[in-house]
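Here the structure comes first, spelled out in structure tokens, and everything after it is commentary.
2 protein chains.
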Amino acid sequence: MLGAEILLRSLAAGGMDTCLGNPGTSEMHFIAALDRVPGMRCVLTLFEGVATGAADGYARMADRPASTLMHLGPGLANGLCNLHNARRARVPVVNIVGEHAEHHRRHDAPLHSDIEAIARPLSDWVRTAHSVQLLAQDCADAIAAACAPPGRIATLILPADTAWTDGADVAPIPVARQTPARVPHARIEAVAQLLRSRRGAGLMIGGSGLSQRGIEAAHVIAAAAGCRVFAPMSNARMSRGWGCHPVSRVPFAVDEAIRFLDGLESVVLAGATPPVAFFAYPEKPSLLTPPGCEMQTLATPEENVQEALENLAAALEGRPVAPKQIKLAPAPASGPLTVDALAAIVARALREDTIVIDESLSLGLTLYPAMAGAAPHEWLQMAGGATGEGLPLAVGAALAAPRRKVLCLQADGSGLYTCQALWTMAREGLDVTTVILSNRAYATLYGELAKVGAKNPGRGALDMIQLDRPAIGWPEIARGFGVPGGRADDAAGFAQALSRALSAPGPNLVEAVIA
Amino acid sequence: MLGAEILLRSLAAGGMDTCLGNPGTSEMHFIAALDRVPGMRCVLTLFEGVATGAADGYARMADRPASTLMHLGPGLANGLCNLHNARRARVPVVNIVGEHAEHHRRHDAPLHSDIEAIARPLSDWVRTAHSVQLLAQDCADAIAAACAPPGRIATLILPADTAWTDGADVAPIPVARQTPARVPHARIEAVAQLLRSRRGAGLMIGGSGLSQRGIEAAHVIAAAAGCRVFAPMSNARMSRGWGCHPVSRVPFAVDEAIRFLDGLESVVLAGATPPVAFFAYPEKPSLLTPPGCEMQTLATPEENVQEALENLAAALEGRPVAPKQIKLAPAPASGPLTVDALAAIVARALREDTIVIDESLSLGLTLYPAMAGAAPHEWLQMAGGATGEGLPLAVGAALAAPRRKVLCLQADGSGLYTCQALWTMAREGLDVTTVILSNRAYATLYGELAKVGAKNPGRGALDMIQLDRPAIGWPEIARGFGVPGGRADDAAGFAQALSRALSAPGPNLVEAVIA
Numbered sequence: 004m005l006g007a008e009i010l011l012r013s014l015a016a017g018g019m020d021t022c023l024g025n026p027g028t029s030e031m032h033f034i035a036a037l038d039r040v041p042g043m044r045c046v047l048t049l050f051e052g053v054a055t056g057a058a059d060g061y062a063r064m065a066d067r068p069a070s071t072l073m074h075l076g077p078g079l080a081n082g083l084c085n086l087h088n089a090r091r092a093r094v095p096v097v098n099i100v101g102e103h104a105e106h107h108r109r110h111d112a113p114l115h116s117d118i119e120a121i122a123r124p125l126s127d128w129v130r131t132a133h134s135v136q137l138l139a140q141d142c143a144d145a146i147a148a149a150c151a152p153p154g155r156i157a158t159l160i161l162p163a164d165t166a167w168t169d170g171a172d173v174a175p176i177p178v179a180r181q182t183p184a185r186v187p188h189a190r191i192e193a194v195a196q197l198l199r200s201r202r203g204a205g206l207m208i209g210g211s212g213l214s215q216r217g218i219e220a221a222h223v224i225a226a227a228a229g230c231r232v233f234a235p236m237s238n239a240r241m242s243r244g245w246g247c248h249p250v251s252r253v254p255f256a257v258d259e260a261i262r263f264l265d266g267l268e269s270v271v272l273a274g275a276t277p278p279v280a281f282f283a284y285p286e287k288p289s290l291l292t293p294p295g296c297e298m299q300t301l302a303t304p305e306e307n308v309q310e311a312l313e314n315l316a317a318a319l320e321g322r323p324v325a326p327k328q329i330k331l332a333p334a335p336a337s338g339p340l341t342v343d344a345l346a347a348i349v350a351r352a353l354r355e356d357t358i359v360i361d362e363s364l365s366l367g368l369t370l371y372p373a374m375a376g377a378a379p380h381e382w383l384q385m386a387g388g389a390t391g392e393g394l395p396l397a398v399g400a401a402l403a404a405p406r407r408k409v410l411c412l413q414a415d416g417s418g419l420y421t422c423q424a425l426w427t428m429a430r431e432g433l434d435v436t437t438v439i440l441s442n443r444a445y446a447t448l449y450g451e452l453a454k455v456g457a458k459n460p461g462r463g464a465l466d467m468i469q470l471d472r473p474a475i476g477w478p479e480i481a482r483g484f485g486v487p488g489g490r491a492d493d494a495a496g497f498a499q500a501l502s503r504a505l506s507a508p509g510p511n512l513v514e515a516v517i518a
Numbered sequence: 004m005l006g007a008e009i010l011l012r013s014l015a016a017g018g019m020d021t022c023l024g025n026p027g028t029s030e031m032h033f034i035a036a037l038d039r040v041p042g043m044r045c046v047l048t049l050f051e052g053v054a055t056g057a058a059d060g061y062a063r064m065a066d067r068p069a070s071t072l073m074h075l076g077p078g079l080a081n082g083l084c085n086l087h088n089a090r091r092a093r094v095p096v097v098n099i100v101g102e103h104a105e106h107h108r109r110h111d112a113p114l115h116s117d118i119e120a121i122a123r124p125l126s127d128w129v130r131t132a133h134s135v136q137l138l139a140q141d142c143a144d145a146i147a148a149a150c151a152p153p154g155r156i157a158t159l160i161l162p163a164d165t166a167w168t169d170g171a172d173v174a175p176i177p178v179a180r181q182t183p184a185r186v187p188h189a190r191i192e193a194v195a196q197l198l199r200s201r202r203g204a205g206l207m208i209g210g211s212g213l214s215q216r217g218i219e220a221a222h223v224i225a226a227a228a229g230c231r232v233f234a235p236m237s238n239a240r241m242s243r244g245w246g247c248h249p250v251s252r253v254p255f256a257v258d259e260a261i262r263f264l265d266g267l268e269s270v271v272l273a274g275a276t277p278p279v280a281f282f283a284y285p286e287k288p289s290l291l292t293p294p295g296c297e298m299q300t301l302a303t304p305e306e307n308v309q310e311a312l313e314n315l316a317a318a319l320e321g322r323p324v325a326p327k328q329i330k331l332a333p334a335p336a337s338g339p340l341t342v343d344a345l346a347a348i349v350a351r352a353l354r355e356d357t358i359v360i361d362e363s364l365s366l367g368l369t370l371y372p373a374m375a376g377a378a379p380h381e382w383l384q385m386a387g388g389a390t391g392e393g394l395p396l397a398v399g400a401a402l403a404a405p406r407r408k409v410l411c412l413q414a415d416g417s418g419l420y421t422c423q424a425l426w427t428m429a430r431e432g433l434d435v436t437t438v439i440l441s442n443r444a445y446a447t448l449y450g451e452l453a454k455v456g457a458k459n460p461g462r463g464a465l466d467m468i469q470l471d472r473p474a475i476g477w478p479e480i481a482r483g484f485g486v487p488g489g490r491a492d493d494a495a496g497f498a499q500a501l502s503r504a505l506s507a508p509g510p511n512l513v514e515a516v517i518a
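From first to last, the protein sequence lines stand for chains A and B.
The first sequence begins at 4 in the working numbering and counts up by one.
The second sequence begins at 4 in the working numbering and counts up by one.
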């Protein structure tokens, strides 16, 4: 059995069944082996950032890693940006990166590079599989490293000669999957003690704390202890919609975030890290909590956050609290397509159990609260701040949850980084409706430019921010990638287009030109 | 004067006038300063790989670096793949990468990463500008590092607090540009001696040896010494067309390359490195020259290759040789659009002084020789083997040479990695005609799959190679990015579409569906 086949069988033995690939010559043995090893779904992407972003989305919904397959150092380089995002989302990903054969590397062929050095800054685990005899163990170690709770980035570099060498006696090694550590009773008691003794506390929940059960437990705690519940600005996966308590997030803008957190004397962290500003600005703090605010950790992201919240709720002898009823805003039947109109229309059109991908950025301030009262759904955000993950996340989520609808709320400027994801949606017939939130600018940057002191930006600065010359034709791009696409620029047109798109199976796209 | 303005003035003082940007918040001071500092043309790209690939194309035609502007570690990561290519093309590039302010970094905000570590594997020079007082010197050092002959990748990381701090007394520092070292007379004599004493030698010319004068001198040498002239497989810039000697390149396929180099007892390297296989294959050698073939260096890529060739020609007392007349194949007036038909049509349609970008990959075997007899032109190839640089190279070449037509011969699969480059062509009104060579597959990989032993690939393997399900609609994608696009699938239609495209100013695209 060749190394490539050993690797595929080892991935399967480790519980993996999905590979997101963009291969080249050095990966051809892996590709050839696909026809000999059943059970691995290998999905072609046109750009490596689609593969890594989709691996992120897949892991969030499947609760296990997908693998990527990338071509040498430059292929991996193209995937790094969304590996950064996946790492910040704390999900497991196993990267397979092809490498030249050992004897070829010293010749410095055109595609040669130091792949380990390229991988290391954005991977938690890196290894080159130098020998076919060790390959099954290398693969098991990679999967185990990726699955260390809550999830890590493991990069296994596969030299071509390891892939093409026969290693007949090498058997796949099963991987024992770690479960997240239980939070010790003493820590639960200490936090209960703190909450009993103090008013004005905040409970910041992230990670697995944002499941429906985690959010429920947090609200039991809040009611029992009189504290506030909130979540980080960006979250990998969150339960939302009627039947679920709405959870506010720390705002992006520093001044708003400081106001949001004002008055807190202590913050209990449950699967979250202390709230810090996204960027630094002159004369503004990095840490967003009030000076002197005490941080107490209930559960780290590596621990079982949901269980810790439930145990804390029990320790406080809290009682179930019915979620607040959120009334949906009326959806306008006509008029301009403002952000408010768009949010109301989307909230009313959403079907139960939809997976919502949110890379709405500047428009998310309106969209997020507006959808709290929609049908029950899950909300996935790009977690590392590197824009260009929305469409790939939608690909991965749809692959992991083929029976659920995916609605991708994608800002236009950000969507362009990885627009090639649309083709994989078409290729695989994924049930994804993409709404492009088209304001024809990197709109976040208007505000950011003002914050750094450029109050009346001139042509030179504006040219780096505006995308209206020429305007991007998203329906044309979508059709070019095989996805049916349309455009709407008023409320009635958008409502109709969205309703049609959500009713149709398979991928489609609506460009919503915001008034 | 704020740091951002000092940096812009320092770039200008170093002879730089073009910046290819995709900025974010941490770069807003740089952006705001654009309106205060005249002379810097800042061009927006929708993806960082377009910026770095365009910087490569710019440097090749302008003979000086452009700068890029990228947003933190993940933005730089997106640009790395084409930095790899630029590095292999041995051109100067100055990257400016924004970074969080010093006091913000320890808080591990979502976009934090180790930017120096991300930059290092594909940069020749990396520095973080920690202080506004040293910024002008840092910038001058970056430019000097990039301009070390023949050209290097310099990455200057600009923390936001360096950009926003006032450094009133800091003046830009002019950069003394190094010229390539002259090859010493003794080495010229030694090579002349070798060539006089031996038949069966090869003269392999690369870098600045592929200018018209360099190629002429090489052919004078060849005639005087009875040796063969050839070039590496991939070259940054080469003079071609009638009036210029045609130069064969070392073939991509190992067996063909070995046949091509068969019989050589010695190879003189002029601006080139020894020919090695692109990839390793089982049972095949990495070094392509015959066993025992002696390598002798006339000039390294860092030295003045053209001058060395001219001096060697003089030392051999060679005489001018008229270039071989190459007859163009007749362009078929009708029939299927085969590769031969396409090559003949393009060769006849080419106008004098065109810059041809060649990322034709598997189809290049036919295109390259067919165009030897076309009107005089220059030929630029992606040099590092990482596909997805053709369209960005076209952007950069067009920016550097606004009065020349650029013809981009772009394979379809490769073009998809950085298709966002089309928008920058539209935005800047660049005179680029793109011909998409559409075979709806990563066609190189068919052969590569066979070479690794998969003779009858099954569905699983083919699905990783074929791009026909669904077929990519390049004209639709082009129109979505603001570039007029059409499709041709027979010889007559292609001839007409190409002629129309080359006559029109500004960007356009023809998808040539190959029979």
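Where a beta carbon is used, it is the ideal one built from N, C-alpha and C, also for glycine.
Is there a Cβ of chain A sitting closer than 8 angstroms to that of residue i, yes or no?
| i | result |
| --- | --- |
| B/Gln525 | Coverage of chain B is limited to positions 4 through 518, which leaves residue 525 of chain B absent and any answer about it impossible. |
| B/Val270 | no |
| B/Asp492 | no |
Under 8 angstroms between the Cβ atoms of residue i and residue j?
| i | j | result |
| --- | --- | --- |
| B/Pro77 | A/His87 | yes |
| A/Val223 | A/Val324 | yes |
| B/Ala16 | B/Ile218 | no |
Label residue i either buried or exposed according to how many other C-beta atoms from any shown protein chain fall within 10 Å of its C-beta, with 16 as the threshold for buried.
| i | result |
| --- | --- |
| A/His106 | exposed |
| B/Arg462 | exposed |
| A/His570 | Limits of chain A in this structure are 4 at one end and 518 at the other, which puts residue 570 of chain A out of reach. |
| A/Lys408 | buried |
| B/Gly432 | exposed |
| B/Ala174 | exposed |
| A/Glu313 | buried |
| B/Glu362 | buried |
| A/Pro152 | buried |
| B/Glu51 | buried |
Are any of the Cβ atoms in chain B nearer than 8 angstroms to that of residue i?
| i | result |
| --- | --- |
| A/Ile348 | no |
| A/Ala363 | The residue asked about is misnamed: residue 363 of chain A is Ser in this sequence, not Ala. By this cut-off, A/Ser363 is not an interface position. |
| A/Met73 | no |
| A/Val96 | no |
Just the C-alpha distance for residue i and residue j, rounded to the nearest angstrom, thanks.
| i | j | result |
| --- | --- | --- |
| A/Leu370 | B/Gly24 | 30 angstroms |
| A/Val250 | A/Ala273 | 14 angstroms |
| B/His133 | A/Leu452 | 22 angstroms |
| B/Gly6 | B/Val135 | 6 angstroms |
| B/Thr182 | B/Val308 | 12 angstroms |
| A/Pro235 | A/Val178 | 32 angstroms |
| A/Gln328 | A/Gly246 | 8 angstroms |
| B/Leu206 | B/Ala401 | 32 angstroms |
| A/Leu79 | B/Ala80 | 9 angstroms |
Validate contact between the segment 143 to 152 of chain B and the segment 108 to 124 of chain B using beta carbons, cut 8 angstroms, 3 pairs: No, because fewer than three Cβ pairs between the segment 143 to 152 of chain B and the segment 108 to 124 of chain B fall closer than 8 angstroms, the two stretches do not touch.
Assess contact between the segment 478 to 491 of chain B and the segment 475 to 490 of chain A, defined as three or more Cβ pairs (one per stretch) separated by less than 8 angstroms. Is contact present? yes
For the pair the segment 197 to 214 of chain B and the segment 292 to 310 of chain B, tell me if three or more CB-CB distances fall below 8 angstroms. Verdict: yes, contact present.
Quick check: the segment 40 to 59 of chain A against the segment 395 to 404 of chain A, are there 3 or more CB pairs under 8 angstroms? With three or more CB-CB distances shorter than 8 angstroms, the segment 40 to 59 of chain A counts as touching the segment 395 to 404 of chain A.
Three-pair Cβ contact test at 8 angstroms for the segment 349 to 365 of chain A versus the segment 492 to 509 of chain A: yes
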